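> Chains as they are written, first to last, in the working numbering: chain V, 42 to 955; chain W, 649 to 1023. Heads up, the beta-carbon is just placed ideally off N, CA and C, and yes, glycines get one too. Being a predicted model, the structure only gives us computed values, none of them experimental. The structure's right below; bear with me while I get my questions together.
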Amino acid sequence: MNALPPVVRLAAVTLSYRGALALDAVTLDVPAGCMVGLIGPDGVGKSSLLSLAAGARAVQQGRVEALGGDMGGKGHRDAVCPRIAYMPQGLGKNLYPTLSVEENLQFFARLFGHGHAERRRRIDELTRSTGLYSFLDRPAGKLSGGMKQKLGLCCALIHDPDLLILDEPTTGVDPLARAQFWALIARIRRSRPAMSVMVATAYMDEAQRFDWLVAMDAGRVLATGTPAELMARSGAATLEEAFIGLLPEGKRRGHRAVEIPPLEDGGEEDIAIEARGLTMRFDDFVAVDHVSFRIRRGEIFGFLGSNGCGKSTTMKMLTGLLAASEGEAWLFGQPVDPKDVATRRRVGYMSQAFSLYGELTVRQNLVLHARLFHVPEAEVPARVDEMVARFGLAEVLDTLPENLPLGIRQRLSLAVAMVHKPELLILDEPTSGVDPIARDNFWRLMIELARRDRVTIFISTHFMNEAERCDRMSMMHAGRVLDSDAPAALIAKRGKATLEEAFIDYLVEAGGGSAADDATVATVAPPPVPVAGSSLAGRVRRSLGRIYSYVWRESLELQRDPLRAALALVGSLVLMFVMGFGISMDVENLRYAVLDRDQTQLSRNYVLNLAGSRYFSERPPLADYAGLDRRMRSGELSLAIEIPPGFARDVARGKPVQIGAWIDGAMPQRAETVGGYVQGMHQQWLLEQAREQGRGSAAGLARIETRYRYNPDVKSLPAMVPAVIPLLLLMLPAMLTALAVVREKELGSIINLYVTPVTRSEFLLGKQAPYVMLAMLNFVLMCLMAVAVFDVPVTGSFPTLLAAAFLFCLCATGMGLLASTVTRSQTAAMFLAAIGTMIPAIQFAGLINPVAALEGGGRVLGEIYPASHMFTISRGVFSKALGFADLHGEFWPLLIAVPVIIGVAIALLKKQER
Amino acid sequence: MRDHLMNIYRLGVKELWSLRRDPMMLFLIGWTFTVAIYMAATTVPETLHKAPIAIVDEDQSALSQRIAAAFYLPRFTPPAQIAVNEVDPALDAGRFTFVLDIPPNFQRDVLAGRSPGMQLNVDATRMSQAFSGNAYVQQIVMGEVGEFVQRYRDSATPPVDLALRARFNPSLEQSWFGGLMEVVNNVTMLSIILTGAALIREREHGTIEHLLVMPVTPTEIMFAKVWACALVVVVAATVSLNLVIRGALHVPIEGSLALFLVGTTLHLFATTSMGIFMATIARSMPQFGLLLMLTLMPLQILSGSLTPRESMPVLVQNLMLLAPTTHFTELSQAILFRGAGLDIVWKPFLWLVVIGAVLFSLSLARFRKAIAQMA
């Protein structure tokens, strides 16, 4: 090693999340200036260690130092963060899938404050040297796995880091792309020899080439040293064996090397699967291109290839999940037909991701699948017991699969796929993410199935050593089968020493580029960018630049998500239409009928009085009580009037008469209104009668002249529309914004907040701005709709309303941000945003009942809630012809609310993962 | 055939198990059919509740003071006394819904039989209070004036009396309507959410792919989801009607509960199909949520369960005839409030059968197509 101080130091670092221990008192010094590998299976703490070193995760216990300072301290983290580059686990996890390669790189370059020309130079240089230059316009989500990782690396290298941290950068990437990736790293290291690299990997063959290794298991460091040292220590020939040798005794026990009895000869004509020219096209993209192969009964046939090369698609076509665009396939001599249920019983399928019911116990899963495959009911318990015994599931029978380790879940998946005793097993990458020992155990089970039970096994993998165990295998690349044969024969054909080299050779021939890559353009260490002064002006300028880069990116993403964008623009208009017409207090066209048992001129006069009103619409008269009852029950009539026999006679005699009126009380609000109308009509009729008969002015003792202010016709629309606009302006933008932050948390790109110089306020303000603009556009559209569709004019000062709407949009989107900073999933964020905006706005902000009429907590909430003031302003401007002078008092609460809401959101956002 | 039925039965039982292990959904079901209904029924304000009123008393007589004293809680806030020049600013700022202006010499003019006029200013942007409030104010004021005058002279009783009776809900209690309509709305909401979420969960967990390689058909998968979710909602609605509506809220149910449940089942056939349809369009839970908002709100608000259908524009009324919620609301109101039997409500039943069949076949076609893309 060299004399440089360690680049990363860990002292007694312990980390746990949700009760599970990820790191257990780890103490480690990582040497600088070299390539350090972390090896070990999934879930042993490699990723946790790397994220701590990168400052992405908060230190819980112990001390973590990187680049000579304490990563627990915010000051040091901020200072060194531009010198560290971190590429998280998962293909393209920190990338934005809808953005193009160019846009992704532009975004990261802007975050680190490079100027326009500098960005162009760096992007061109990096993409030329990685072979991405010709794909600059392609969306990152549509890149192959290897290209995604290269792009991730470009994004990480855009700011010349001193410490490069890569978390399993090559998992799921084809061997050629992997070779190119490491060649690229080697070249970069040559041009920047001081740079330290930390890599986690699951491939032991890669680790073999690193300078220094850290072997980890169960949150502890097992051993450190050069690969040669590790192998020497355990006396093993390969690193994989060395690793197994380093494991504690308990884990190693029961591990035996996998032995494969040779496939018996004969039966070459007994074909289980045959495919001829199988092709699958999605739109313009060919996923599988004329694939042909034959698999014998009892054979273990492997598909080797990278992520996205068409392995899964081919398998899905064979199972009938996808209908082939072209070509044919036969299972046991029968053509594959997606509708043919019978052949499905002869096939067992295990998909790439764990796909059993997490909500059912192990036993329930087995029983359900046995029954769905129509295992005779009497045999089901015996069959389940058999599977449990064979796959060693007895101890976990009543456990939910979610709580089981990956290796056991994998066994359960295989048991489920076998429960109906299929003759053919199709297994899609069954061992990805499983540690080497569990993988070997899994293979032993499969070999037993193939050799003892003569089950044909069709398996896909991206592990070379697994492919070597197959009887025969196909190498796949970009939808095509490059060659099929026994692994040894393939190696021999190419004259190579290993299967990997043979595969790379095939890939190169297929046009995948050369292993060394066209490395003509060396990554020249660029002249250090003059750090744009630490003056205040410089800092502000860079900060604005980072805000802008988030604004720009968020707008691009929004444009490319059709449903969200549509909802944002059309949603408010649809809902406004619905609420405008639906939440109407108007009562018109009330259906009524009369039971006139008098049939005189006077009774008809009474009826006519009613019929003349716009509120009532008359139905055929009633004949009897039964009809009255029936028609009221059906809801046809809201009102029934009964005029008693002898009505005219009694009136003439001055004898008291009673007219009966039945109102449908099912809808109380409507009933009250109807009651009011009927009473009014009745009074009017009485007055008229009195006047006609000259019984003097019974006009009453006093009169009340009602002036309906602001809305003289007392129509619902002019009253509702000014209130609906703020309501929708609160609800939809809040919800959309709520999705914005939490979406990054779900997809993983939130990591860019943790490890780049962007601050929390820059991040949030940058994300908020596009939604504020969108909300303002919405507001203008809604106002136009109010005027044009609903005929509700703006009588007051529109600029006042516009200014208030702007402040209000800041509040609404701020609430959305707040909701998404405290939640983890999009569903939860949406729910919280909906509840947090709708309930207070509807109940306490004066939408229906004035705030003045509330009491206690509701009153206080109503007084401070921004929507209350927006309702007042909106109603004032729309209906009451008011301007800023009349409404300025309502602006203050809005002005205060904006910084408070956003401030709380910023305070609650974490700059590190916890 | 027997195999099909067994598959449908078993897949449905699996849905029920999945639901049992989903605490969020269980909570949602429990909440929407108990607490939410109770709250919706009891917190719906009476039509006029604490309406803020002010009085400009330019008369300062015994009569004007008597009028002011006649406004009290819970319908009105105690009236504020304000001056004439304060009326406009107060109304502009929305401090009061009603301002009653009693002119000078009001009492004298009343007693002299000059029938003086008062002015009632109503903020008509507050629809809920404006209209019914006006009637109450008129009634209260005229009553006070009448009583006041009666001490001085007799007034003629009107020769014809109007006997107003409200059928089906004699005292016009809001909680009856609010509670029952909340049940009706929640049936719609929950059935769409349950089926949609069940399908999306299968897709997110990759289990749908697993089902498809088994000897089961998309039709069986869909039928299984429909019956399982419908069963849950029917049970929840029954419990809620009995325990919350009848038990806690003491709302009498006029008609036959069985007939209502038959109608609910028909309705669920349509809504669960909608849930599946929407889940095939949405790519994830949040997208489903957004889609749900856009469809559920119109379905409920315009169905007549909130405000009377006849006051909506004719175009909207006709369009909403295509929505299952309209007919479900109609039959629920007829059966539960008005005790109607099948002889009266056969029409909405027929509508629901037709709409359900159309929606189910549409969804099935869409589900078959989408399922190929999901795998």
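If you measure from the beta carbon of L818/V to each beta carbon in chain W, is any gap under 8 Å?
No, its Cβ sits nowhere closer than 8 Å to a Cβ of chain W.
> Using a C-beta cutoff of 8 Å, does H415/V count as contacting chain W?
Yes, H415/V lies at the interface with chain W (some Cβ there is under 8 Å from its Cβ).
> Please list the residues of the segment 780-796 of chain W that have a C-beta atom closer than 8 Å to any C-beta atom in chain V, keeping them in chain order.
S780, N782, A783, V785, Q786, V789, M790, V793, G794
> If you follow the alpha helix (DSSP H) that E902/W is part of, which residue opens it and which one closes it?
Element bounds for E902/W: n/a, residue is neither H nor E.
> Looking only at its chain, what residues have a beta carbon closer than 8 Å to the beta carbon of A878/W, apart from the 5 residues adjacent to it on each side?
S839, T913, L916, F917, T920
> Output yes if chain V places a C-beta closer than 8 Å to the C-beta of E830/W; else output no.
Contact of E830/W with chain V is not assigned, every C-beta pair being separated by 8 Å or more.
> Using a Cβ-Cβ cutoff of less than 6 Å, which residues in the same chain neighbour A775/V once the five nearest sequence positions on both sides are dropped?
A853, M856, G857, A874, T878
> Does G520/V have its Cβ less than 8 Å from a Cβ in chain W?
no
> Look up Y749/V in the DSSP assignment and give the residues it is bridged to.
V770/W
> Strictly below 8 Å CB to CB, what residues from chain V border A811/W?
Q699, I700, G701, A702
> Using a Cβ-Cβ distance under 8 Å, would D771/W count as near chain V?
yes
> Helix or strand or just coil, what does DSSP make of L304/V?
DSSP places L304/V outside both helix and strand once states are collapsed to three, so it counts as coil.
> Can you check the segment 836-876 of chain W for any beta strand (DSSP E) of at least 3 residues that lies completely inside it and give the ranges in chain order?
none
> Would T955/W count as contacting chain V if we go by Cβ distances under 8 Å?
At least one CB atom of chain V sits nearer than 8 Å to the CB of T955/W.
> Is D670/W near the ligand SAM, judged by its Cβ being under 7 Å from some heavy atom?
No copy of the ligand SAM appears in this structure; indeed no ligand is present at all.
> In terms of residues, what are the limits of the beta strand (DSSP E) holding G343/V?
341-345
> Cα separation between V782/V and A107/V?
28 Å
> Measuring alpha carbon to alpha carbon, tell me which of R480/V, I314/V, D324/V ends up nearest E369/V.
I314/V
> Say whether chain W places a C-beta atom closer than 8 Å to the C-beta of K29/V.
As displayed, chain V neither begins before 42 nor continues past 955, which places residue 29/V out of reach and without an answer.
> Ignore the nearest five residues each way along the sequence and tell me which others in W999/W's own chain have a CB closer than 6 Å to its CB.
H975
> Just mark P571/V as buried or exposed, buried being the case when its beta carbon has 16 or more other beta carbons within 10 Å.
Summary for P571/V: the model assigns pLDDT 46, below 50, so the residue's position carries little reliability, and this model does not support an answer.
> Measuring CB to CB, does V821/V end up less than 8 Å from A827/V?
no
> At a CB-CB cut-off below 7 Å, which residues of chain V make contact with W665/W?
E400, L401, Q405
> Could you give the first and the last residue of the continuous beta strand (DSSP E) run that contains A718/W?
No beta strand (DSSP E) contains A718/W, which DSSP labels as neither H nor E.
> Excluding the 5 residues preceding and the 5 following L902/V in the sequence, name in chain order all residues of the same chain whose CB lies nearer than 8 Å to its CB.
The residues are P881, F885.
> Looking at the C-beta of R723/W, does it have a partner C-beta in chain V at a distance below 8 Å?
no
> Go ahead and pull the three-state DSSP assignment for S353/V.
helix
> What does the alpha-carbon distance come out to for the pair F499/V and E464/V?
11 Å
> Who are Q786/W's beta bridge partners in DSSP?
Answer is none; Q786/W lacks a bridge partner.
> What is the DSSP secondary structure of D705/V, counted as helix, strand or coil?
Strand.
> Have a look at L455/V and T472/V and give me their C-alpha separation to the nearest angstrom.
11 Å
> Residues of chain V with CB under 7 Å from P934/W, in chain order?
Going along chain V in sequence order, the residues near P934/W (Cβ under 7 Å) are L780, Q867, T868, M871.
> Taking only beta-carbon positions, decide if M945/W is within less than 8 Å of chain V.
yes
> What are the boundary residues of the alpha helix (DSSP H) that I285/V is part of?
280-287
> Let's see if you can read the secondary structure: which residues bound the beta strand (DSSP E) around V238/V?
237-242
> Residues of chain W with CB under 8 Å from T714/V, in chain order?
Within 8 Å Cβ-Cβ: F779, S780.
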